[in-house]
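Taken in sequence, the protein lines are chains A, B and C.
Note that the numbering used here numbers the first sequence so that position 207 is 639, with each residue one more than the last.
Note that the numbering used here numbers the second sequence so that position 67 is 93, with each residue one more than the last.
Note that the numbering used here numbers the third sequence so that position 235 is 1497, with each residue one more than the last.
Backbone N, C-alpha and C fix where the C-beta goes; we use that ideal spot for every residue, glycine too.
Computed from a predicted structure; not experimentally measured.
Contents: one structure, followed by commentary.
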Amino acid sequence: MAEIRLDNISKTFNGDQVVKNISLTIKDGSFTVLVGPSGCGKSTILRMLAGFEQQTEGDIWIDGKRVNDLAPSKRDIAMVFQNYALYPTMTVKGNIEFGLANRKVPKKERNLLIAEIAEIVGLSDHLDKKPDKLSGGQRQRVALARAMVKKPKVFILDEPLSNLDAKLRTQMRTELIQLHEKLGTTFVYVTHDQVEAMSMGDEIIILNKGVVQQKAAPIDVYQSPGNLFAAEFIGQPPMNVFKKEEFHELQDALPEAAAYIGFRPEHAGLALESAHVPHTIELESEILTLETLGAETVYKVKNRVGTMNIRSFTAPVSKRGKCFATIPMEKLYAFGADQTALPALDFPFQKEAALNGVR
Amino acid sequence: MAFAKVQLDMEEKKAERQGFLSWVKLRPYAMIFPAIFIFCLFFIYPIGYMIYLSFHDWNFVSPVKDFVGTSNFSYLLSDRDFREVISNSFIYTFFTVFLTISLSLLLALWLNRGGTVYSFMQASIFSPHIISLVSVSMLWMWIMDADYGLLNWFLNLIGMESVMWLTSPEYALTSLILVAVWKGIGFNTLVFIAGLQSIPKDLYEAAELDHTPPWRRFLKITVPMLSPTLFFLTIIGVINSFQVFETINLMTAGGPINSTNTFVYYIYQYGFQFFKIGYASAAGVILLVILSVLTVVYFKVLSKRVHYR
Amino acid sequence: MNSSPIFKIANGIGLVLLFIIFAVPFVWMASTAFKSLGETMTFPPVWIPETLQWQNFVEAWNSGPFLKYFVNSVVVTLLILILQFATIIPAAYAFARYEFPLKNFFFALTMICLMIPSQLIFLPVYLNLSSWGILDTIWGLILPFATSAFGIFLLRQSFMQVPEELLEAARLDDASEWQIIRKIMLPLAKPVLITLALFSFIAHWNDYFWPLVMTTTDQARTLPLGIAMLRQVEGGAAWNVVMAGNLLLVLPILVIFFFAQKHIIRAFVYTGVK
Ligand SMILES: Nc1ncnc2c1ncn2[C@@H]1O[C@H](COP(=O)(O)OP(=O)(O)OP(=O)(O)O)[C@@H](O)[C@H]1O
Ligand SMILES: [Mg+2]
């Protein structure tokens, strides 16, 4: 078990800085998810952690020890690779055993450990098979077993589920969460899938272009995104964001610093008739497309502000004719010109409501 | 590869701290050393030595090697025998490579099918390739024997005159070419078949949908897709044919009347029978130059037109 | 494809003709090896000898120190194979997986040696071997082939195809470089290793040129030379004995070919395609 600290880490490839001066602490025993679009430097950070890539600048600390010059095998880290990287010429048992044998663990102990791990990941019946005879999920488990058997301080997982089909992915997601609870080891998990990030992590680190955008618990990332990027990256469909000027009815109520206004699709509503609810922006709109997902419906509508997504849990509205999009003002987010989030908006009516509540 | 380097960086730091001349830094050199050492000893140094000798007059035993400038070369180039050697080598190479490649392409198109019969045929035509040139030469000497040979018996059977396959200046080189083609055709065919099989089927399917006639499919799909194979087989064929020795030594000994004398055999004769090391080396240098020029030109001119996948 | 009966018949005839062209010479060799001297000179040729003359083989074997030739052939071929693997594997690994100053230079040097046939430089090599005193020993037949540029090239190619992540996983598993080579790289390169072994075995077992040039006495001669000398007996060649000798030379290769035909063909074609 170990806390990981990155201290002003930068990485430059041929003059191209792909990781820019990152400092962060990954808590001991946490399940931390690194998430961000493709090419943002997630794998690079992991590989520096593991020691496969030497950082250009900065220090890495694992469990209070500076590991900059430590070879990968000396860092007490185990890694699960995106395409598993199983040794194709060894059996499942051979794959799990290789690291132990290299560490001169006695044969007897090895067998015990392997049996134990195989039991945990459910591979006991497949120990003598070669990887190419296994299904995708089984390979994934071998990769996990191979990592677990070394009882590392830190688990690193680089998009371990991206090669699995949707159903298996959901299943493995649960298994990984349970595994983490059972082991209590620090997990560092990389994904570009925000659903995975939200559902698995107890802490999310959002990265973009080699810079940390936000680091917080999933619900905090969702409820109070740190900046425009985090707001638009998390959530499906993403937050609707417009220039402040589009909402002229709000001009007076908005703080001076605000440059962008956003709201989540599920906070907006859709009605066939104008209802004039107070403290709500109502926009006459036209439905462009509509995705029925069963429990919910996602509309793409067009109005004077622009196109926006609206997610509704009520019965689908027929596509024809005009309709009204409603956005409760209290659900608006404001962002400054530098795209960072501003403090929660503070409308006079909210104060009144609060006062009313007290009274 | 980036990774291996980083690994090195890290191990290196450790080594530096220990204050040793880093083993990590030396390791790659240690690993390539045996091979490089052998190359230097048996390829690089001999080439240099051969070039050196080509400017000297030496007979193997005398303690001095006289520097003679370029006179070995001018002797060779004015020697009628040597000019014949050059022309023989080019004729032999051209026809061997041309016939082998065109026939094997046809055979490949014909034999590229599934089924036992066809794989058996492929194995049969390949078998000469793994047989020693000694055996091949002797077998064909016997078959081409003017009096008791199978070939003349067969010619007589169908009412043709006997041919002095190996003992007449007109036929000897042709006979050697025939043997070379016979031996080489199987390998070339199989390489072509492998090339044919690696052409994606959907290319042909697409062409068929476009109603492309078969010969156009051959010209527009098969030939371009086979061009790397063709390129490779030609260069290998040329290099091998230029250094033909075994069949000549065993079957004709360069004769009759020098009609089958080629480079390596000529060098062998001058070196080991006439003890003219200078001439032999100069001939070797000329062959080296010819092969280098051919290779370079071939790569420069043709590799641009080869379609690589 | 055209499947009219005429086409089928023509196709069949063509296949038979092709088979005759490539198989009859071997049949002829085998049948001659069992003929009596008289039968080799009769017209029309005899295809099946009256009685199988097994003593042709004895005569061939006894016409020189064939046991010596045979042992030399085996020793030379095997030692070349062993030395080649011992030098090729580390070199290919270094070229495939390390970065070091002058790497490109050394690799270019290897490629030059790949393009230069040893048959072209036999004369200076001969002179060197002679001045080092290993002419006319089996070392003169072995050392020049103790490594193979072709092998390095092919194996390097195969090592480079091993995904980086596999090696990273191995390093996390505390594997040393040597373990990575032995446990991961070599098992993955098995087809290439088999290819190289077959290729090298056939080439050096069959080699005639190099022993011819580099040996002067029987102490280092190999089988192909002995067989070639069968023909130079006084009073002209006895073709039946010559063919018997050749059959002895060809037999090991043919037996291997018979059992490993797929492997061998794939090996040669593989070296051609890559
Ligand atoms: N060895 C390397 N040499 C040069 N550039 C590299 C190297 N490795 C990564 N990069 C660059 O660094 C950037 C970040 O790459 P990285 O692999 O960390 O992205 P990622 O966030 O893992 O993306 P993905 O989700 O697609 O895996 C990319 O622009 C990539 O091109
Ligand atoms: Mg990645």
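Neighbours of A/P504 in chain C, taken as residues whose beta carbon is under 8 Å from its own, are E1430, R1433, L1434 in chain order. Those residues of the stretch 1284–1308 of chain C placed with their C-beta closer than 9 Å to a C-beta in chain B are F1284, A1285, V1286, P1287, F1288, W1290, M1291, T1294, T1302, M1303, T1304, F1305, P1306, P1307, ordered along the chain. The way I'd put it, the stretch 510–522 of chain A doesn't touch the stretch 547–556 of chain A; fewer than three beta-carbon pairs between them come closer than 8 Å. Annotated as proximal: C/P1473 and C/L1403, with beta-carbon spacing under 8 Å.
At a cut-off of 8 Å between C-beta atoms, C/L1455 does not count as an interface residue with respect to chain A. In the DSSP annotation of this structure, the continuous segment of the beta strand (DSSP E) that includes A/Y621 starts and ends at 618–623. Taken in chain order, the members of the stretch 149–167 of chain B whose beta-carbon sits within less than 9 Å of a beta-carbon on chain C are A149, S150, I151, F152, S153, P154, H155, I156, I157, S158, L159, V160, S161, V162, S163, M164, L165, W166, M167. Using a Cβ-Cβ cut-off of 8 Å, A/Y621 does not count as an interface residue toward chain C, since no Cβ of chain C sits closer than that to its own.
For A/A691, the uninterrupted beta strand (DSSP E) segment begins and ends at 690–695. If you check the CB distance, C/I1400 and C/A1482 come in under 8 Å. The nearest non-hydrogen atom of ligand 1 is less than 7 Å from the C-beta of A/H624. Not a single CB atom of chain C sits nearer than 8 Å to the CB of A/G471.
Judged by the Cβ position, A/G447 fails to qualify as a neighbour of ligand 1 at the 7 Å threshold, every heavy atom of the ligand being at least this far. Judged by their CB atoms, A/V450 and A/Y621 are not nearer to each other than the 8 Å cut-off.
Taking the CA atoms as reference points, B/V323 sits about 33 Å from C/L1455. Taken through DSSP and simplified to helix, strand or coil, A/R507 comes out as coil. Within the stretch 272–283 of chain B, those residues whose Cβ lies closer than 8 Å to any Cβ of chain C are, in chain order, E272, N275, L276. The continuous alpha helix (DSSP H) containing C/K1330 extends over residues 1328–1359. Between C/N1508 and C/L1299, the C-beta spacing is not below 8 Å. Going by beta carbons, C/T1409 and B/A61 fall inside the 8 Å limit. Remark: the shortest separation between the CB of A/T488 and any heavy atom of ligand 1 does not fall under 7 Å. Under the Cβ distance rule, A/F674 does not count among the residues neighbouring chain C, no pair being separated by less than 8 Å.
For A/S470, the distance from the CB to the nearest heavy atom of ligand 1 is below 7 Å. Taking 9 Å as the upper bound on Cβ-Cβ separation, chain C lies near residues Y55, A56, M57, I58, F59, P60, A61, I62, F63, I64, F65, C66, L67, F68 of the stretch 55–68 of chain B.
The DSSP-derived three-state label of A/P760 is strand. Leaving aside the five residues that flank B/L252 on each side, the residues in its chain whose CB is nearer than 6 Å to its CB run, in chain order, G221. Counting other Cβ atoms within 10 Å of its Cβ, B/Y78 stays below 16 and is therefore classed as exposed. A/G473 has its Cβ nearer than 7 Å to a heavy atom of ligand 1.
An exposed status is given to C/T1304, since fewer than 16 other beta-carbon atoms sit within 10 Å of its beta-carbon. Within chain B, no residue has its CB atom less than 7 Å from the CB of C/Y1331, the nearest being about 12 Å off. Contact annotation: A/E714 and A/T758 have beta-carbon atoms nearer than 8 Å. According to the DSSP assignment, C/W1467 belongs to no beta strand (DSSP E) but to the alpha helix (DSSP H) extending over 1452–1468.
The residue among A/D625, A/L774, A/P504 with its C-alpha nearest the C-alpha of A/I588 is A/P504. In this structure, A/V450 has its CB closer than 7 Å to one or more heavy atoms of ligand 1.
Per the DSSP secondary-structure output, A/G738 pairs in a beta bridge with A/N735.
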